[in-house]
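As structure tokens, the structure follows; a few thoughts come after it.
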Amino acid sequence: MSERILIIGAGQAGMQIAVSLRDAEFDGSITMIGEEPHGPYQRPPLSKAYLAGESDEESLELRSPAFYVENNIVVITGERVVDVRWDAAHGTAVTDTGREVPFDKLALTTGADVRRLGVEGEDLDGVLYLRGMADAQGLKQRWDAAKNVVVIGGGFIGLEVAAVARKNGKTTTVVHRNTRLLSRVVAPETSEFFKQAHERRGTTILLNTNFARFVGENGKVTGVELEGGEVIPADLVMVGVGVIPRSDLAEKLGLELANGSIVVDAQARTSDPRVLAAGDAVTMPHPLTQEGQIVLESVQNAVDQAKVVAKTIMGEETAYTAVPWFWSDQDTMKLQMAGLNIGYDQTVVRGNPDEEKFSVLYYKNGRVIAIDSVNEVLDYMAVRKALGAGQNMPADKVADTSVKLKELVED
Amino acid sequence: MPNVTYIQPNGQEVTIEARDGDSVMETAVRNGVKGIIAECGGACACATCHVFVEEQFMDKVGQPGDLEDDMLDGAADNRTECSRLSCQIKMNADLDGLRVRIANEQV
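Protein chains in written order, with our numbering: chain A, 286 to 696; chain B, 4 to 110.
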């Protein structure tokens with residue numbers, strides 16, 4: 286009998302595993318189970334084009350329903366896997382409706398949940414998180430009527446929502462507890478740029494600011510109270526303070542976890558050889574240096590790691606060595622990032638941040654390891670390619686914008 | 004609804020009925036047309052949905068914008084005068100019958 290694959294989690298990574306297996310002419314059965322009522326869809330536009338009214342639910346589908354049928358991929362939506370049992374020969378997953386799905390190999394693509402604040406007033410109407418389609422629909426329903434938008438958290442999702450809010454003419458405030466925006470992921474130069482760029486557009490950025498609670502009337506939010514007692518008026522609050530991996534099932538299976546993430550190797554194998562995993566829920570070896578375990582919450586990681594899962598299932602030799610990349614659209618600013626800046630010891634700014642067209646290159650021991658580009662696609666592409674080829678561009682030459690980065694590439 | 008035809012590098016063709024307003028990329032990806040990868044989902048951020056528009060449609064389709072133009076410079080397959088990123092071409096009745104050739108390499 287041919288092999289049966291079960292994929293738990295119907296997101297970008299789960300979909301990609303299924304598609305890559307069929308592309309590789311895998312002839313066994315493929316079943317994918319997701320909790321949400323929809324099949325796999327794109328999440329990135331939820332805080333961007335979807336919120337701005339430039340895309341609808343159907344255009345967010347990663348594949349049409351007919352595609353799964355034609356490719357013999359069974360997609361079960363609206364059900365949650367609550368238990369997985371192993372017998373000698375195979376496993377069986379049980380969903381919350383009592384459905385039993387037998388399988389030979391398991392892939393976990395369970396993703397992540399938003400981190401919840403657990404503060405007073407969080408349940409008020411108008412206090413929203415943004416992770417899935419249902420969250421985005423809730424946000425959109427209240428969007429047109431909202432005049433005062435407060436964003437809690439100056440990370441990517443917070444800044445993306447703030448950018449749409451400001452563009453739509455809303456009074457917009459970002460409350461961030463750290464001393465600079467995007468503090469977890471970019472250098473101070475990039476942080477400072479985004480602060481100024483959002484302020485130029487009329488958004489109020491409050492750094493180093495903790496808030497105490499949400500206040501409301503008749504069950505609806507009316508404001509955000511800061512620690513000092515000041516209340517910022519708000520009829521809509523979007524909280525974006527990070528995510529936590531969904532690893533409860535992995536834990537139940539006895540898989541090795543680190544800080545809540547499922548530990549996988551470069552072949553996307555968990556500590557149990559019958560179980561593979563990919564996407565936001567996992568931690569894996571650094572794809573370029575193999576030094577240390579990292580977590581990457583991105584479409585790129587979901588897609589590239591899913592491809593590794595498919596290859597491992599097919600018995601092909603493979604290793605996860607894809608160059609990480611990421612993007613964030615904020616009004617007219619397109620931020621594109623390539624590589625990982627972990628452990629950088631030098632940055633070089635290329636171009637003029639005041640013109641909203643520049644890059645920050647990150648170096649470690651004299652070698653380029655990452656780039657943030659704002660409206661500088663060519664810089665981004667050049668560094669992404671160089672990183673993929675293990676090449677460098679000398680730090681003392683890259684600030685000169687009269688020379689293209691791709692002309693500075695050396696081994 | 005407008006039709007769009009995709010031509011693979013090996014000459015194989017497939018014609019798909021697009022939703023009005025959906026991009027040439029979205030139409031391809033949702034229906035599993037191989038060779039259009041579109042890693043970024045249509046944000047004009049990855050240059051992995053590169054197509055060559057058949058010349059007779061270039062007037063109607065138009066030229067790439069500045070950002071797309073830069074992205075095309077970085078695309079894996081060498082660009083031509085008919086190069087576009089298919090995520091940036093929205094289908095409408097005017098483009099009914101559009102034919103695009105999928106680039107050999109996308110990444």
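All C-beta atoms in this analysis are idealised placements derived from N, C-alpha and C, irrespective of residue type, glycine included.
> Taking C-alpha atoms, which residue in 293/A, 289/A and 287/A lies nearest to residue 591/A?
Replying inline: 293/A
> Going by the beta-carbon positions, is the gap between residue 594/A and residue 563/A smaller than 8 Å?
Replying inline: Cβ distance < 8 Å, so residue 594/A and residue 563/A count as in contact.
> When burial is assigned at 16 or more other CB atoms within 10 Å of the CB, is residue 630/A buried or exposed?
Replying inline: exposed
>> Could you check whether the Cβ of residue 416/A sits closer than 8 Å to any Cβ belonging to chain B?
In response: no
>> Suppose only complete runs of 3+ residues qualify. What are the beta strand (DSSP E) ranges in the segment 562-611 of chain A, listed by chain order?
In response: 567-570
>> Does residue 42/B pass the burial test, meaning 16 or more other C-beta atoms within 10 Å, or should it be called exposed?
In response: buried
>> Give me the subset of the segment 64-86 of chain B whose CB atoms are less than 8 Å from a CB atom of chain A, sorted by chain position.
In response: If the cut-off is 8 Å between Cβ atoms, the segment 64-86 of chain B has 70, 73, 74, 76 and 77 near chain A.
> What are the partner residues of residue 518/A, as DSSP defines its beta bridges?
Replying inline: 508/A, per the DSSP bridge assignment.
>> Give me the chain B residues within the contact set of residue 619/A, using Cβ-Cβ distance strictly less than 9 Å, ordered along the chain.
In response: Simply 46, 47, 48 and 70.
> Taking all protein chains shown into account, do 16 or more other C-beta atoms lie within 10 angstroms of the C-beta of residue 572/A, making it buried, or fewer, making it exposed?
Replying inline: buried
> Whole-angstrom Cβ separation of residue 522/A and residue 506/A, contact assumed at under 8 Å?
Replying inline: Confirmed, Cβ separation roughly 6 Å.
>> Distance check for residue 575/A and residue 52/B, CA to CA, integer angstroms please.
In response: 30 Å
> Shorter than 8 Å from the beta carbon of residue 329/A to some beta carbon of chain B?
Replying inline: Closer than 8 Å to some Cβ of chain B, the Cβ of residue 329/A qualifies, so yes.
> So which residues on chain A does residue 13/B lean against when the C-beta distance must stay under 8 Å?
Replying inline: By Cβ distance, chain A contributes nothing, its closest Cβ being about 16 Å from residue 13/B, past 8 Å.
> Are the segment 379-391 of chain A and the segment 464-476 of chain A touching, with three or more C-beta to C-beta distances below 8 Å?
Replying inline: no
> Any idea which residues DSSP pairs residue 371/A with across the strands?
Replying inline: 376/A
> So, helix, strand or coil for residue 683/A, using DSSP?
Replying inline: Shown here, residue 683/A sits in coil according to DSSP, grouped into three states, outside any helix or strand.
> Within this structure, are the beta carbons of residue 715/A and residue 380/A separated by less than 8 Å?
Replying inline: In the structure displayed, chain A extends from 286 to 696; residue 715/A sits before or after that span and is not available.
> In whole angstroms, what separates the C-alpha of residue 644/A from that of residue 457/A?
Replying inline: 27 Å
> From what residue to what residue does the beta strand (DSSP E) around residue 353/A run?
Replying inline: From DSSP, residue 353/A is part of no beta strand (DSSP E) but of the alpha helix (DSSP H) over 350-355.
>> Tell me which residues share the same chain as residue 20/B and place their Cβ nearer than 6 Å to its Cβ, disregarding the 5 neighbours each side in the sequence.
In response: So the list reads 4 and 6, once near-sequence residues are dropped.
> Is the beta carbon of residue 496/A less than 8 Å from the beta carbon of residue 510/A?
Replying inline: yes
> Quick one: what does DSSP say residue 9/B is sitting in, helix, strand or coil?
Replying inline: If DSSP states are grouped into helix, strand and coil, residue 9/B belongs with the strands.
> Would the segment 599-614 of chain A and the segment 582-591 of chain A be scored as touching if the rule is three or more Cβ pairs under 8 Å?
Replying inline: The segment 599-614 of chain A, when compared against the segment 582-591 of chain A, does touch it at the 8 Å Cβ threshold.
> What are the partner residues of residue 16/B, as DSSP defines its beta bridges?
Replying inline: 10/B
> Per DSSP, residue 658/A forms a beta bridge with which residues?
Replying inline: 621/A and 644/A.
>> By the three-class DSSP mapping on this structure, what secondary structure does residue 347/A have?
In response: coil
> Are the C-beta atoms of residue 108/B and some chain A residue less than 8 Å apart?
Replying inline: no
> Using DSSP with H/G/I as helix, E/B as strand and the rest coil, what is residue 461/A?
Replying inline: coil
> So what's residue 529/A in DSSP terms, helix, strand or just coil?
Replying inline: strand
> How about residue 625/A and residue 656/A: are their beta carbons less than 8 Å apart?
Replying inline: Taking 8 Å as the cut-off, the beta carbon of residue 625/A is found no closer than this to the beta carbon of residue 656/A.
>> Using a Cβ-Cβ cutoff of less than 8 Å, which residues in the same chain neighbour residue 1/B once the five nearest sequence positions on both sides are dropped?
In response: Summary: the structure shown does not reach residue 1/B, with chain B confined to residues 4 through 110, and so no result is reported for it.
>> Would the segment 358-374 of chain A count as touching the segment 299-319 of chain A if we require 3 or more Cβ pairs under 8 Å?
In response: yes
>> I want to verify the contact list: residues of chain A whose CB lies under 7 Å from the CB of residue 34/B, in sequence order.
In response: Neighbours of residue 34/B in chain A, taken as residues at a C-beta separation under 7 Å, are given in chain order as 349 and 352.
>> So that I know if they touch, is there some Cβ in chain A lying closer than 8 Å to that of residue 20/B?
In response: It does not: the Cβ of residue 20/B has no partner Cβ on chain A nearer than 8 Å.
> What do you reckon, are the CB atoms on residue 290/A and residue 598/A nearer than 8 Å?
Replying inline: Yes; because the gap between Cβ atoms is below 8 Å, this pair is in contact.
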